[in-house]
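Residue numbers (this note's numbering), protein chains in the order written: chain A, 424 to 556; chain B, 424 to 556.
Glycine included, every Cβ here is placed at the ideal spot set by N, Cα and C.
First comes the structure, then the notes that go with it.
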DNA sequence: CGGAATCCATGGAGATACTG
DNA sequence: CAGTATCTCCATGGATTCCG
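In structure tokens:
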């Protein structure tokens, strides 16, 4: 009797871009996968990487990623409990995608120092000609 | 008196992956950008590419992409109206990201023929060893 | 043709409390 | 430590109508 498997539904059958984004749905999953690219992480380690997420949401996102087959969940029968999350082989195939996302954010987006507002990097508000090249 | 500019807010300051995903927020924007990669498209041309989207949502997503500086909106003062959407120079910098998303979806996801349910391609449900390589 | 305006239902997500 | 279980609320997005 396992948990019912979540169904992922697309609005645009046949669109590979949307298919991928459906698996990264929400804004949390991408970040979770990003941190799992480096190494296996425990539940509370992930929480520390995602300061704003609630326990409930983290659990939910992890379950969905697990259902999708992108991450694995390993429970060690010890006290206190120890649960580790890691990329599955399928999950590792996403690395180039995650890296592409990270690279673009790194290059073009910055965050107002004190706040959380995102802005396009100054360099790209320059006249089009400079960028077109 | 221009429309107020939408503020993009992040939950994880300093995370480039989430920054990028914030700009692709929702599942529609990625698809819109994907289609604009090839060529400029008019409003109703985009609708035809996105059969499931409502007029209201398409307008909203296009406005947000415009606010982000990723696409441009050109109104031709003719009757009947003609409005064209295209990638800006900044938008074109997203092409590698969109291509990475499309490539992964192409390789690993398929859609049940009649429905809209997404599944991982059979090949990847195979034993890990086969994929790890 | 390409929207804007309005109304409304749904569920995504926060806060809080409890547990093996 | 790593989760459930409720309750609640508000934003997201659908349907419909009207407009330059």
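Where DSSP assigns a beta bridge to residue i, which residues make up the other side?
{"i": "residue 497 of chain B", "result": "B:507"}
{"i": "residue 465 of chain A", "result": "A:507"}
{"i": "residue 542 of chain B", "result": "B:533"}
What did DSSP end up calling residue i once you bin it into helix, strand or coil?
{"i": "residue 532 of chain B", "result": "strand"}
{"i": "residue 447 of chain A", "result": "coil"}
{"i": "residue 556 of chain B", "result": "With a pLDDT of 34 at residue 556 of chain B, under the threshold of 50, the modelled position of this residue cannot be trusted; read the value that follows with caution. Looking at residue 556 of chain B - three-state DSSP - the assignment turns out to be coil, as it is neither helix nor strand."}
{"i": "residue 432 of chain A", "result": "strand"}
{"i": "residue 474 of chain B", "result": "coil"}
{"i": "residue 517 of chain A", "result": "coil"}
{"i": "residue 453 of chain A", "result": "helix"}
Please confirm whether residue i and residue j have their CB atoms less than 8 Å apart.
{"i": "residue 456 of chain B", "j": "residue 517 of chain B", "result": "yes"}
{"i": "residue 441 of chain B", "j": "residue 520 of chain A", "result": "no"}
{"i": "residue 466 of chain A", "j": "residue 506 of chain A", "result": "yes"}
{"i": "residue 511 of chain A", "j": "residue 495 of chain A", "result": "yes"}
{"i": "residue 469 of chain B", "j": "residue 451 of chain B", "result": "no"}
{"i": "residue 524 of chain B", "j": "residue 432 of chain A", "result": "no"}
Exposed or buried, what is residue i when buried is set at 16 or more other beta-carbons lying within 10 Å of its beta-carbon?
{"i": "residue 429 of chain B", "result": "exposed"}
{"i": "residue 499 of chain A", "result": "exposed"}
{"i": "residue 439 of chain A", "result": "buried"}
{"i": "residue 633 of chain A", "result": "Summary: the structure shown does not reach residue 633 of chain A, with chain A confined to residues 424 through 556, and so no result is reported for it."}
{"i": "residue 532 of chain A", "result": "buried"}
{"i": "residue 436 of chain A", "result": "buried"}
{"i": "residue 445 of chain B", "result": "buried"}
{"i": "residue 443 of chain A", "result": "buried"}
{"i": "residue 556 of chain B", "result": "The predicted model places residue 556 of chain B with a pLDDT of 34, which falls under 50 and marks its position as unreliable; any figure quoted below should be read in that light. Answer is exposed; the Cβ neighbour count stays below 16."}
Using 8 Å as the cut-off, can you tell me whether the region 488-496 of chain B makes contact with the region 471-484 of chain A, which would need three or more C-beta pairs spanning the two stretches below that distance? By the C-beta criterion, the region 488-496 of chain B is judged not to be in contact with the region 471-484 of chain A, since fewer than 3 inter-stretch pairs fall below 8 Å.
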